[in-house]
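Peer 1:
Chains as they are written, first to last, in the working numbering: chain Y, 1 to 668; chain F, 1 to 199.
1) Report the rounded CA-to-CA distance for residue 210/Y versus residue 282/Y, giving the unit in angstroms.
2) Taking Cβ positions only, does residue 10/F come closer than 8 angstroms to chain Y?
3) Could you check where the beta strand (DSSP E) with residue 623/Y kicks off and where it finishes?
4) Just to make sure I have the definition right: I need the residues of chain F whose C-beta is within less than 9 angstroms of the C-beta of residue 222/Y. Which are they?
5) So residue 589/Y is in the alpha helix (DSSP H); what residue range does that whole segment cover?
6) Contact between the stretch 327-334 of chain Y and the stretch 351-360 of chain Y is defined here as three or more beta-carbon pairs at a separation below 8 angstroms; is this criterion met?
7) Grouping DSSP H, G and I as helix and E and B as strand, with all else coil, what is residue 243/Y?
8) Measure the CB-CB distance between residue 99/Y and residue 144/Y and report whether it falls below 8 angstroms.
9) What's the C-alpha gap between residue 81/Y and residue 476/Y?
10) Compare the C-beta of residue 244/Y against all C-beta atoms of chain F and say whether one is closer than 8 angstroms.
11) When you compare the CB of residue 321/Y with every CB in chain F, is at least one pair closer than 8 angstroms?
12) So, at 7 angstroms on beta carbons, what are the nonlocal neighbours of residue 119/F in its own chain, with the 5 sequence-adjacent residues on each side left out?
13) Between residue 122/F and the rest of its own chain, which residues show a CB-CB distance below 7 angstroms, the 5 nearest in sequence each way excluded?
14) On the premise that residue 152/Y lies in contact with residue 89/Y, defined as a C-beta separation below 8 angstroms, what is that separation, rounded to the nearest angstrom?
15) Any idea what DSSP makes of residue 562/Y, helix, strand or coil?
16) Excluding the 5 residues flanking residue 198/F on each side, which residues of the same chain have their C-beta closer than 6 angstroms to its C-beta?
17) Excluding the five sequence neighbours on either side, which residues of its own chain have a C-beta within less than 6 angstroms of the C-beta of residue 364/Y, listed in chain order?
18) With a cut-off of 8 angstroms, does the C-beta of residue 134/F fall near any C-beta of chain Y?
19) Does residue 545/Y come within less than 8 angstroms of chain F when only Cβ atoms are used?
20) How is residue 17/F classed by DSSP in three states: helix, strand or coil?
21) For residue 2/Y and chain F, any beta-carbon pair shorter than 8 angstroms?
22) Strictly under 8 angstroms for the Cβ-Cβ distance: is residue 98/F near chain Y by that measure?
23) My output table needs one value for residue 351/Y: the three-state DSSP class, helix, strand or coil.
24) Tell me where the alpha helix (DSSP H) around residue 433/Y begins and ends.
25) Less than 8 angstroms separating the beta-carbons of residue 615/Y and residue 594/Y?
26) For the stretch 144-163 of chain F, enumerate the residues whose C-beta is nearer than 8 angstroms to any C-beta of chain Y, in chain order.
27) Would you kindly work out how many angstroms separate the C-alpha atoms of residue 285/Y and residue 352/Y, rounded to a whole number?
28) For residue 114/F, which beta-bridge partners are listed by DSSP?
29) Using 8 angstroms as the threshold, is the C-beta distance between residue 484/Y and residue 445/Y below it?
30) Consider the Cβ of residue 252/Y: report whether some Cβ of chain F lies at a distance smaller than 8 angstroms.
31) Any C-beta of chain Y within less than 7 angstroms: which residues of the stretch 111-128 of chain F qualify?
32) State the CB to CB distance for the pair residue 362/Y and residue 329/Y, rounded to an integer number of angstroms; the pair is presumed to be in contact (CB under 8 angstroms).
33) Contact between the stretch 527-543 of chain Y and the stretch 563-581 of chain Y is defined here as three or more beta-carbon pairs at a separation below 8 angstroms; is this criterion met?
34) Taking its Cβ as the centre, do 16 or more other Cβ atoms sit within 10 Å of residue 341/Y, making it buried, or is it exposed?
35) Throw me the rounded Cβ distance for the residue 221/Y and residue 271/Y pair, which I believe falls under 8 angstroms.
36) Assuming residue 212/Y contacts residue 302/Y (C-beta within less than 8 angstroms), just tell me the rounded distance between them.
Okay, structure coming up:
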């Protein structure tokens with residue numbers, strides 16, 4: 001699909017929009033949301049959807065821990081247990097962490113580089129709706145009584161028809177395929193945005209670390225998603241059309257799946273964690289009141305992680321018989337990749353060192369990331385030693401390790417981001433008291449849950465087993481872990497309460513004044529919450545931490561003194577008649593066709609016909625819809641009507657030079 | 001031109017957003033075909049009781065259809081250069097030629113597939129056959145989508161909206177088209193030119 005949407009940009013005759021193709025007029029309420037192309041609204045949509053899936057995946061985690069709390073657990077049966085842990089993993093990785101990173105990226109990246117929007121606003125909406133379609137499709141599996149049950153990395157031949165005869169793995173293959181289309185479109189869009197649309201003066205090395213990490217992640221997605229696309233296609237063809245890629249009976253090779261999956265899967269690990277590294281790199285300098293230590297090292301270590309992430313995949317496969325040379329090579333590369341990660345940890349510590357630290361909720365979560373990720377990183381290095389790894393493979397030690405990096409790293413980082421950027425997005429802060437309760441319950445619950453799993457794993461408890469017999473010494477630590485998971489749930493509850501109560505408290509009050517944290521990067525030039533047009537005018541960037549340098553300077557004694565208040569530096573957000581891209585129906589329509597095609601592949605190929613027709617219609621409607629709605633609320637000029645052959649023109653003009661345009665002459 | 005009005009920022013790449021998007025997309029496509037080619041290489045010796053690759057390939061025939069596809073890159077360049085000169089007529093002629101050559105290549109592929117099927121090489125016959133049909137099939141789908149793009153260009157040309165000013169659109173479709181050709185050079189080498197096992 002993506003090549004067409006990217007490509008078919010000719011032919012729209014904008015001067016005479018056909019009736020059906022006119023752009024949505026808005027209308028308020030939910031209509032604005034489903035047709036929006038505003039990167040901020042799309043960011044909020046991503047965040048909301050990810051939180052929703054977080055509750056689903058969290059509920060599955062509670063069921064897992066209830067089942068394992070005592071020996072011979074009977075909460076769920078073995079079949080259902082297989083489905084629950086598979087869906088827990090798939091949901092948390094693909095439907096929570098990835099879209100939550102996309103939420104932060106969508107909302108903040110254009111703001112941090114001083115742009116009005118992303119390069120392709122409609123493609124941006126499309127990537128959200130396609131992701132949502134994929135996520136809902138995947139979870140539809142529950143309604144059809146047949147959820148994926150092959151584990152999140154779906155090793156063949158377990159996933160073949162003979163061992164997984166239901167439609168569960170088809171939901172997996174097709175659902176992830178659809179979600180992957182969304183990730184790929186989003187990656188291409190954000191790469192173009194960063195490379196082409198930075199504010200005047202903002203060279204790549206004046207970009208905040210968060211923007212850099214997002215850029216690295218988009219490149220990882222760009223190259224990793226097509227690899228799992230191949231793997232999922234082969235799986236789908238094996239299951240539905242009788243091909244023989246992973247079928248050992250016919251001479252196929254199950255190991256091919258492992259290689260393809262982990263060539264995607266290991267970069268994926270960095271796709272999950274680098275956005276949080278970026279968030280932490282914004283939060284810590286702000287609340288330590290010091291510039292980030294070793295900015296270039298931070299950026300280059302992120303890039304190095306991005307490159308080296310491609311050379312370590314087989315450390316997931318040490319016991320699959322890949323031979324001593326491969327094992328040796330991947331042992332070494334795995335040890336090496338700890339170096340750039342260590343650089344980051346040390347730089348965060350050095351940033352905090354000697355700073356005037358404000359230990360509020362955002363900062364607490366950020367320090368939580370630094371400490372918890374270090375534990376997870378260290379247990380990760382133990383996996384690089386293949387003799388030890390042979391003992392640890394497929395045990396709870398692995399489960400402990402990746403929860404320390406993904407929960408302790410990525411997820412806690414997002415919470416730091418929530419507390420830090422909430423006023424930017426919603427115009428009011430989250431409560432500090434509940435925030436601290438939120439942090440401490442989560443960090444304690446997290447360690448109580450996943451700490452003991454190291455011991456369980458080293459004592460030989462396998463992962464993915466649905467129950468265990470008494471007498472192996474597993475009882476105590478399993479019970480402790482189950483207690484821990486309920487403490488985590490309590491922490492999440494505090495967060496939800498905090499969101500509700502702080503919104504209620506803020507009702508009727510004026511929004512938070514600009515720059516509540518004495519922050520450093522470009523997004524804080526705008527008032528809270530961010531106005532729909534972002535910036536009143538382009539910002540001339542002359543240094544990293546541009547916003548901070550406009551507020552502070554050093555006097556002749558080298559002492560930092562204020563030269564301007566935040567209110568003086570911030571923009572008023574009152575520019576009028578700014579040319580903004582018009583909303584569009586077609587992203588959501590196009591994404592609605594994809595699950596239909598998916599159901600068709602599984603149940604009745606005829607269903608693919610309306611699905612494909614919907615997608616095709618949406619593509620052509622997309623191309624032929626007028627670049628802009630001349631009567632829209634931000635009535636815009638016709639600066640480029642003459643060459644409207646290019647249907648993307650309307651979208652991109654969002655990025656027009658920043659000076660607010662005067663209400664322009666009427667449309668010809 | 002609209003794309004110039006906004007694309008050029010300080011520190012930008014100097015490419016328009018549209019063109020950069022296509023380059024980025026093609027980078028991603030490299031990995032897609034990389035994965036498929038690996039899947040083929042692993043499976044080329046696994047033909048079981050079915051026909052072996054060395055027995056079944058008709059290299060002269062495929063060489064001719066490869067030549068046809070490569071020539072279509074030349075005509076694609078000619079169509080772009082015509083439009084850049086403002087020569088609408090030749091632009092259309094060469095777009096038509098490119099689409100036709102692409103269709104000829106697809107026709108050759110259909111003929112090859114049906115021949116193989118008659119000779120007992122079905123999609124499910126062996127890992128080799130699955131990998132062969134998947135790899136060449138994915139490439140065929142890419143060529144077909146390229147033809148759809150070329151036809152869309154022609155439609156907009158006849159509607160009068162494909163003019164000298166937006167020749168970049170043709171250039172972008174051309175990027176895609178050349179990429180699909182270059183990938184075929186790799187596929188042709190890997191599948192047909194590297195000596196294949198025989199029964």
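For every residue, glycine included, the Cβ atom is placed at its ideal position computed from N, Cα and C.
Peer 2: Working from what's here:
1) 7 angstroms
2) Interpretation of residue 10/F is limited by its pLDDT of 46, a score under 50 that renders its predicted location unreliable; the figure taken from the coordinates is listed afterwards. So, interface residue.
3) Where residue 623/Y is concerned, there is no enclosing beta strand (DSSP E), although the alpha helix (DSSP H) it sits in stretches over 608-624.
4) 24, 25, 27, 28 and 31
5) 586-602
6) no
7) In the structure shown, residue 243/Y sits in coil (DSSP, three-state: anything other than H, G, I, E or B).
8) no
9) 21 angstroms
10) yes
11) No, no contact with chain F.
12) Same-chain partners within the cutoff: 51 and 56.
13) 129
14) The beta-carbon distance between residue 89/Y and residue 152/Y, rounded to whole angstroms, is 3 angstroms. This is short enough to meet the 8 angstroms contact definition.
15) strand
16) In the same chain as residue 198/F, and ignoring 5 residues on each side of it, the C-beta atoms closer than 6 angstroms to its own belong to 52, 54 and 55, in chain order.
17) Closer than 6 angstroms at Cβ, skipping near neighbours: 439.
18) yes
19) no
20) helix
21) At residue 2/Y, the pLDDT of 37 sits below 50, so the modelled position is not reliable; the number obtained from the coordinates is stated separately. Closer than 8 angstroms: yes.
22) No, because no Cβ of chain Y sits closer than 8 angstroms to the Cβ of residue 98/F.
23) helix
24) In the DSSP annotation of this structure, the continuous segment of the alpha helix (DSSP H) that includes residue 433/Y starts and ends at 432-458.
25) yes
26) 145, 148, 149, 152, 153, 155, 156, 159, 161, 162 and 163
27) 7 angstroms
28) Answer by DSSP bridge pairing: none, since residue 114/F is not bridged.
29) Yes, the pair counts as a contact, with Cβ atoms nearer than the cut-off.
30) Interface residue, yes.
31) 123, 124, 126 and 127
32) Incorrect: roughly 41 angstroms between the Cβ atoms, too far for contact.
33) yes
34) By the 10 Å Cβ count, residue 341/Y comes out buried.
35) Indeed, because the Cβ distance is near 6 angstroms, the residues count as touching under 8 angstroms.
36) With a contact defined as Cβ atoms closer than 8 angstroms, residue 212/Y and residue 302/Y qualify at about 6 angstroms.
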